[in-house]
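Residue numbers (this note's numbering), protein chains in the order written: chain G, 1 to 351; chain B, 1001 to 1351.
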């Protein structure tokens, strides 16, 4: 067995989602907000992989957020080895390629994590990482499988196959964003997991897989990094070269095609906090089922999620199961269970 | 029958209610807001009694609002004969005394109107005034009775007695803010009306009644007006003298005690707009039962009242029967039917 190298965390901070509008906006997306704790999602993500088993992280982000990211990481004493500032978004597969190249491209394991997920049980996460490492060192690409508790149609699913080692299974099949009936079937089957979007593999194995399944992506990433501008920890890949890369997710471009892909099912209190409902579900409620933050007055209110940004006061009387969020000049009001409908608001605002 | 003098409208603008918080605040109470139309409640009230039958109005107000009142009346080309600026609030009876004195105290009829009520059918109102005038000229104190459509416990009620003339009845009894069961009884009886807070009587008859039933009030008002400071149309009654007046409503101090009190029952689309629910009830709804004003986005919303002040945007999805108001730095959310509970919020904010 080869020498165990420290794991290099790769934090993907490319998202600019609007699913938590009006709090999450392109200038300050979800990962840069303190949604579930005093610390931001990015800070929590970075601190999750500090310790002797881990090297300093590589962060891949939108250039627009460079200052905020450095400030937030400095505030929790996380020192990066590189901050890669994408000239344009090309989805996750090329972003991870940039990071794998920045990591040196060798046999060091890289742990790819979205910057905006919650993991409540960090010990379980680390145990899962530990379980995966021997297969990773043998060249397997590993994903982490979340035990599903709802027939989610917005996630990718994994059919968990035969055991390869203690706690590690072959991926039998990926199922991307299934229809409702298929999701319910998979939930009932007991042998499916959600694809949590967290990956562990050797940098060289990932780049090698790209060379087989998405060579144009590998070439574009390599050229962009060769011509990159560097300043301290900041790396600006060459915009012209990177623009040549196809845009695709790691799931489609690599994981669903590669032959040696494993999954580590893990119950670790995972959430992608993909909606206000999801945030309510993972937040600690008061005795009335309410979750509030900021200057909020609630009288006879139950099971509400209320967030008020600085300088605004929200008063609620006699309401149940309501989500109320005030941020900037915007105020959102919708019932729990409807937070997917935020896209309708975004569309209405565009018109 | 004596010569018919023009009626002097007396507009009471003393209120600083919080029932329409956060829109209505002490600095800009309900009567100074455009709640039901493009014009403010004060403007609508003043314009309701323009015409050859009416003299220029006398306005009694909180000194703090003097500029706003003058600007609003000028904007709708209403010229006052006096703007009496109360040094302190002493309820309606002393305020009306100040106005009766400013009117000259003679036999001219004065029409006392709160500045923050809605009257949808102005013709019906004027017809009621016309019906009352002969008795007013004979010295009767007249109030207008609103046909009740709910067992309101927050209003004063009137038992309508025998007919004195076409459309004018003796007041059999006043019932102040009854308990619920009593209100239901009166509603069912068919011979009760709400006391609308609008009065018509000769200035001298009112002052004479005060002399009998509330002499200290009369003396204080007279002395305050004798020592008043005057500047253009503005009159500042002497603060020290006016402070000597007892504080009481015209109902308690005079109407419930005087022997010759009449009521003109009238259906004129009256509302005191005493709550957000009341405002919703009198507002024109869209096809989904919604009433909105300002920058509001509604998707799948029904029977909601939504008001957004300048610079704020409210987005609602999938909610029913909700009141949402954003003004200043405050946001109010409560279900329809609960708007009386605003006082609970005000209390909570004080703590």
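For every residue, glycine included, the Cβ atom is placed at its ideal position computed from N, Cα and C.
| Rounded C-alpha distance that separates residue 1206 of chain B from residue 1248 of chain B | 15 Å
| When the Cα atoms are used, what is the spatial distance from residue 1 of chain G to residue 42 of chain G? | Note that residue 1 of chain G scores a pLDDT of 47, beneath 50, so its modelled location is shaky and nothing firm can be said.
| Proximal residues of chain G, C-beta to C-beta of residue 1312 of chain B below 7 Å | 329 and 331
| Taking the alpha-carbon positions, what's the residue 1339 of chain B to residue 1345 of chain B distance? | 10 Å
| residue 1076 of chain B beta carbon less than 8 Å from that of residue 1013 of chain B | no
| query | What do you reckon, are the CB atoms on residue 1032 of chain B and residue 1327 of chain B nearer than 8 Å? | reply | no
| query | Do residue 1145 of chain B and residue 1009 of chain B have their C-beta atoms within less than 8 Å of each other? | reply | no
| message | Determine, for residue 1350 of chain B, whether the minimum Cβ-Cβ distance to residues of chain G falls below 8 Å. | response | no
| request: List the residues of chain B that residue 317 of chain G touches, going by C-beta distances under 9 Å, in chain order. | output: 1332, 1333, 1334, 1335, 1338, 1339, 1341, 1342, 1344 and 1345
| said: Quick check: the Cα distance between residue 1319 of chain B and residue 304 of chain G, rounded to an integer number of angstroms? | reply: 14 Å
| task | Determine the closest residue to residue 64 of chain G out of G/48, G/49, G/54 and G/86, with distance taken between C-alpha atoms. | result | G/86
| field | Nearest-angstrom Cβ-Cβ length linking residue 1263 of chain B and residue 1160 of chain B, presumed shorter than 8 Å | value | 6 Å
| query | Per the contact definition of three or more C-beta pairs closer than 8 Å, is the region 1198-1213 of chain B in contact with the region 1102-1110 of chain B? | reply | yes
| request: Find the nearest neighbour of residue 229 of chain G within the set G/126, G/127, G/242 and G/336, judged by alpha-carbon distance. | output: G/242
| said: So residue 322 of chain G contacts chain B; which residues on that side make the cut at Cβ distance below 9 Å? | reply: 1319, 1322 and 1333
| field | Rounded straight-line distance, which links the Cα of residue 348 of chain G to that of residue 1297 of chain B | value | 8 Å
| task | Report the neighbours of residue 1074 of chain B on chain G: residues whose CB is nearer than 7 Å to its CB, in chain order. | result | Correct list: empty, because the minimum Cβ distance to chain G is about 32 Å.
| query | Just reading off the beta strand (DSSP E) that residue 1308 of chain B is part of, what are its end residues? | reply | 1305-1308
| task | Please determine, among G/181, G/29, G/53 and G/277, the residue with the shortest C-alpha to C-alpha distance to residue 334 of chain G. | result | G/277
| query | Cα-Cα, which of G/50, G/5 and G/68 is closest to residue 26 of chain G? | reply | G/68
| message | Helix, strand or coil for residue 136 of chain G? Go by DSSP, reduced to three states. | response | helix
| Nearest to residue 245 of chain G by CA position, among G/210, G/315, G/256 and G/257, is which residue? | G/210
| Should residue 250 of chain G be flagged as near chain B, meaning a C-beta pair shorter than 8 Å? | no
| field | Where the region 295-311 of chain G meets chain B: residues whose CB sits under 7 Å from a CB there | value | 297, 299 and 311
| Comparing alpha-carbon positions, which option in B/1150, B/1034 and B/1343 lies nearest residue 1180 of chain B? | B/1150
| said: Strictly under 8 Å for the Cβ-Cβ distance: is residue 1268 of chain B near chain G by that measure? | reply: no
| query | Near residue 213 of chain G, what residues of its chain come up, given a Cβ to Cβ distance below 8 Å and the 5 sequence neighbours on each side ignored? | reply | 253, 254, 257 and 258
| What residues of chain G sit near residue 1326 of chain B, judged by a beta carbon separation below 7 Å? | 331
| request: Look at residue 196 of chain G and residue 177 of chain G and say whether their C-beta atoms are less than 8 Å apart. | output: no
| field | Distance, residue 1128 of chain B Cα to residue 1049 of chain B Cα | value | 13 Å
| request: Would you decide whether residue 280 of chain G is buried or exposed? Buried here means 16 or more other CB atoms lie within 10 Å of its CB. | output: buried
| request: Within the same chain, show all residues whose beta-carbon is closer than 6 Å to that of residue 1016 of chain B, passing over the 5 residues directly before and after it, in chain order. | output: 1026 and 1029
| task | Please go through the same chain and pick out, in chain order, the residues whose beta-carbon is closer than 8 Å to the beta-carbon of residue 216 of chain G, but skip the five residues on each side of it. | result | 244, 245 and 246
| query | When DSSP labels each residue in this structure, what does residue 1147 of chain B get in the three-state scheme? | reply | coil
| If you draw a straight line from the alpha carbon of residue 1273 of chain B to that of residue 1167 of chain B, how long is it in whole angstroms? | 26 Å
| Cβ neighbours of residue 1040 of chain B in the same chain (closer than 8 Å, five flanking residues each side left out) | 1031, 1032, 1033, 1034 and 1072
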